[in-house]
Amino acid sequence: MIHNIVPEYISCVLLALIGVYMLFDKKSRSQKEKIFQFSVVFAIIANINNIFSIYTMENAARTPVLLNVTLHTFYYFAVAVLTTLVSITTYATMFEGRYDEPRLKTAIVISLSSFFAEVALVLINLATGWLFYFDESRMYHAGALNAIPLAFLAIAIFNIIIFGILERKRMKKSFRMIIIVLPTISVIIGLVQFLLPDTVLTGTIIGFALLTLFIAGQQQRARVDALTELSNREAFFNDISYLCQKKTPYCIIIIGLKNFKQVNGILGQRAGDALLYSVGFYLSQLEPCAVAYRTSGVQFTLVVKRMDLYEYEALFQSVIKRFSQPWKTDVCCAELRAVFADVHSPEHAVGVDEVIASLEYATRLAKEDPTGKPVRFSDQLKNQFARRNYVISQMEKALQQDLFFLNIQPVYDIKKQRFTGGEVLLRLNEDNGMPISPGEFIPIAIETGIATKLGLMVMEKTCRFLHANQDIDIGWLSINISSQQDEFDETVHHLEMLLEQYDIESERIKLEITEMVLLEDLERAHATMDELNLRGIGVYLDDFGTGYSNLVNVMTLPFECVKIDKGFIRNVATHPQSFGMLRTVVQGLRSMNVIALAEGVETEEQDNIVRELGIDRIQGYYYARPMATEEFAWLISESCPIYPIQTE
Ligand code: C2E
Ligand code: MG
Ligand code: MG
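So for the sequence shown, the numbering used here puts the first residue at 64; every next one is plus one.
Written out as structure tokens, the structure reads:
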């Protein structure tokens, strides 16, 4: 009989292409991928052997029997090996991350038992000819059990289907298709083989099986997070943009794990990974109600489609409840702290970028909220978000077009009975001329990372102002610094360069910082402040009384001046408790030789009290409001001891 081996050539080329692709794919491989790689190489060898054995069989009379027997024996052996390898790769994917499952062990035991039975049959065949034999005239004959290897193949496929059905709920969606595709292809090829008996299709079956696994593997690699097996950020973006396009209503829940660094630090990376896997596994169980994603290291996202609001709320609450319970893994058991935020698809169409930005905003608010309440991107939040974006755009424009400007609020020295300096305050006006309060734009600048740039700009403008008014005794000017410690060192370096460039004595510039900037790392703060003092740049502690600072902290850092917050001063005339506290603070500062400055003095009564308590300096509307720099220059040059005056 003449065989048609064209399909074998084709599958050989197909497998070779997969092999070449893998050769150039430099990504690190998992155990499963290594088995797959070996399967492809082995399948190519088996295919070539198969083609060769068909030729030698057709030309049996001219071929040594030993060669024919060897090639055919290897053929049956290769079918057994490849059937087992394909089965194991399939099971490894089906049970990925759950390798301790007894069901996986059963599947492997069945596969390996079939393999050993088949190999035994191949070996026994050498003595019995049950599978095939060559007669004296070197002709090939099928043995009585020739169809048995095919039966083994059928058993393997049947097993995959059975385990696929048993595991269907726990399997990744992308992999479920394999359970349908693999058996379908096998049945089709089996039918073709039945109709065209002279066509050799063994390699084709194996080739298609490996190709299907390969495609599924590639899809998984691109869209799936390797650790949790959830869809990744990339997949989330794709899916969301599809939903936006189709205008399908959806709700998105963000779950951010808090303090996971500590979990890793205390329990170790392996336990951390196991915990993340458990969280991912729990979330994947919510399908088909919600599709879970791991959108960043410690952030998970659920997308819920077409669910009525009541059911959605129940789902959301059940997720929150689950996170209040411990997570158990093989290596540890731990409680995880999480924050929750959710966004509902808006009635009007929005782009994917807008959705992502609103999600980020809601998540950030959730992280900042100490009560840990879930944050919903409500209408109110939407307005807040829109305003924030507007302020960001105004700041960016102002930076580009140099629209920021300075005001200075004079500070009154009680002993010298005159203004001796002032605080530099940054100002920004909207396009329509309305001022945007620094209380609004500075926190946004800090969040968005613009604050350091603004800080450098304020320093530059201040130095330029001092340089331009060298002939007037402007005294000292204090600048607010809101950068974090890392950037703070850079800020100081920049200031030193400016002082030199504009020829300004360092005593004339003071840096105002809130405790948040320095108290993160007290040791480093000491070193930075000692350095500043050495160079003659005084540091003022701003807003004393609003944070967690206490006199003990203040005493450990060499502040030149402490600015007592206006909140402290507000009630000093009406609340005896506030009065008592202020007295204690001022006494403490005096004993430490630190200048005490009262912020926010607005009335004569408050003024009398702070003077009585021995405050050194006063900054407040009662003395002077923040004013344009030229006005300040004029005021201070005219400075005489008949103050206070009211300036509007
Ligand atoms: P701050 O550093 O505590 O500045 C003092 C604030 O108190 C100023 O508000 C000032 O106008 C206000 N103030 C002064 N006297 C009185 C008073 O008698 N009564 C009342 N109610 N308020 C008084 P402003 O200019 O709105 O600034 C608010 C905050 O914005 C500042 O608080 C500071 O934290 C920040 N800020 C302003 N300019 C800058 C800057 O250039 N850089 C940085 N990083 N922050 C700045
Ligand atoms: Mg200040
Ligand atoms: Mg202040």
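Beta carbons are placed, not taken as given, at the ideal position from N, Cα and C, and that holds for glycine. These figures come from a predicted structure and were not determined experimentally.
DSSP-derived helix/strand/coil call for residue i
i: Val413; result: coil
i: Asn112; result: helix
i: Thr710; result: Residue placement at Thr710 is poorly supported in this model, since its pLDDT is 47, which falls under 50; the coordinates still yield a value, given next. Looking at Thr710 - three-state DSSP - the assignment turns out to be coil, as it is neither helix nor strand.
i: Glu594; result: helix
i: Gly227; result: helix
i: Ser28; result: Past the boundaries of the shown model lies residue 28; the chain is included only from 64 to 711, so the question cannot be answered.
i: Ile315; result: strand
i: Gly502; result: helix
i: His589; result: helix
i: Gly435; result: coil
i: Cys526; result: helix
i: Trp390; result: strand
i: Arg333; result: helix
i: Ser545; result: coil
i: Ala401; result: strand
i: Ile699; result: helix
i: Ser654; result: helix
i: Ile362; result: For the record, residue 362 in the displayed sequence is Gln; it is not Ile. Of the three classes helix, strand and coil, the one that applies to Gln362 here is strand, per DSSP.
i: Ile65; result: coil
Contact under 8 Å by Cβ, residue i with residue j
i: Leu519; j: Thr483; result: no
i: Leu365; j: Leu346; result: yes
i: Leu306; j: Val361; result: no
i: Leu645; j: Val635; result: yes
i: Val418; j: Val402; result: no
i: Ile699; j: Gly435; result: no
i: Ile576; j: Glu623; result: no
i: Phe38; j: Ala279; result: As displayed, the chain neither begins before 64 nor continues past 711, which places residue 38 out of reach and without an answer.
i: Leu215; j: Ala143; result: Note on residue identity: the sequence assigns Phe, not Leu, to residue 215. Result yes, Cβ atoms of Phe215 and Ala143 sit closer than 8 Å.
i: Ile114; j: Tyr72; result: yes
i: Glu578; j: Leu604; result: yes
Cα-Cα separation, residue i to residue j
i: Ala355; j: Lys516; result: 39 Å
i: Leu80; j: Phe87; result: 11 Å
i: Arg296; j: Ala420; result: 14 Å
i: Leu561; j: Gln533; result: 15 Å
i: Trp697; j: Phe528; result: 13 Å
i: Leu469; j: Met592; result: 26 Å
i: Asp288; j: Ala106; result: 29 Å
i: Pro498; j: Met690; result: 13 Å
i: Thr153; j: Glu164; result: 15 Å
i: Glu550; j: Ala429; result: 26 Å
i: Asn452; j: Glu459; result: 11 Å
i: Phe642; j: Ser654; result: 18 Å
i: Gln308; j: Phe99; result: 37 Å
i: Ile108; j: Leu273; result: 14 Å
i: Gln650; j: Thr609; result: 19 Å
i: Ala404; j: Ala353; result: 15 Å
i: Gly192; j: Arg286; result: 50 Å
i: Arg490; j: Pro501; result: 7 Å
i: Phe271; j: Tyr340; result: 32 Å
i: Glu510; j: Met157; result: 44 Å
i: Ser408; j: Glu431; result: 24 Å
Contacting residues, own chain, Cβ-Cβ under 6 Å from residue i (five flanking each side not counted)
i: Pro246; result: Ile220 and Ile224
i: Thr358; result: Arg296, Phe299 and Thr364
i: Ser150; result: Ser174 and Ala219
i: Gly683; result: Gly663, Val664 and Glu665
i: Ala661; result: Ile627, Ile632, Val673, Ile678 and Ile681
i: Asp670; result: Val664 and Tyr685
Cβ shell of residue i (< 7 Å), same chain only, five flanking positions each side left out
i: Ile117; result: His66, Ile68 and Val263
i: Phe448; result: Ser421 and Tyr424
i: Pro704; result: Interpretation of Pro704 is limited by its pLDDT of 48, a score under 50 that renders its predicted location unreliable; the figure taken from the coordinates is listed afterwards. Gln480 and Arg481, listed in sequence order.
i: Phe607; result: Val625, Lys626, Ile627 and Asp628
8 Å contact criterion, which residue i and residue j should meet: CB distance rounded
i: Leu242; j: Gly227; result: In the sequence as displayed, the identity of residue 242 is Ile instead of Leu. Going by Cβ atoms, the distance from Ile242 to Gly227 rounds to 3 Å, so yes, they are a contact pair.
i: Leu558; j: Val487; result: No, Leu558 and Val487 are not in contact; Cβ-Cβ is about 13 Å, not under 8 Å.
i: Ile572; j: Ile600; result: 6 Å
i: Pro70; j: Tyr139; result: Not quite, the Cβ-Cβ distance comes to about 19 Å (not below 8 Å), so this is no contact.
i: Ser102; j: Gly266; result: With 8 Å as the limit, Ser102 and Gly266 do not qualify as a contact, their Cβ atoms being about 13 Å apart.
i: Phe714; j: Leu399; result: Only positions 64 to 711 of the chain appear in the structure, and residue 714 is not among them; the question remains open.
i: Val394; j: Arg450; result: Contact doesn't hold; Cβ gap of about 47 Å is too wide.
i: Trp390; j: Val342; result: 7 Å
Sequence-distant residues of its chain with Cβ nearer than 8 Å to residue i (five each side left out)
i: Asn131; result: Ser116, Thr119, Met120, Ala123, Phe197, Arg201 and Tyr203
i: Asp336; result: Leu290
i: Thr712; result: What is shown of the chain runs 64 to 711, which leaves residue 712 out entirely.
i: His530; result: Tyr565, Asp566 and Ile567
Min CB distance residue i to chain D below 8 Å
i: Ile315; result: You won't find chain D in this structure, because it holds only one protein chain.
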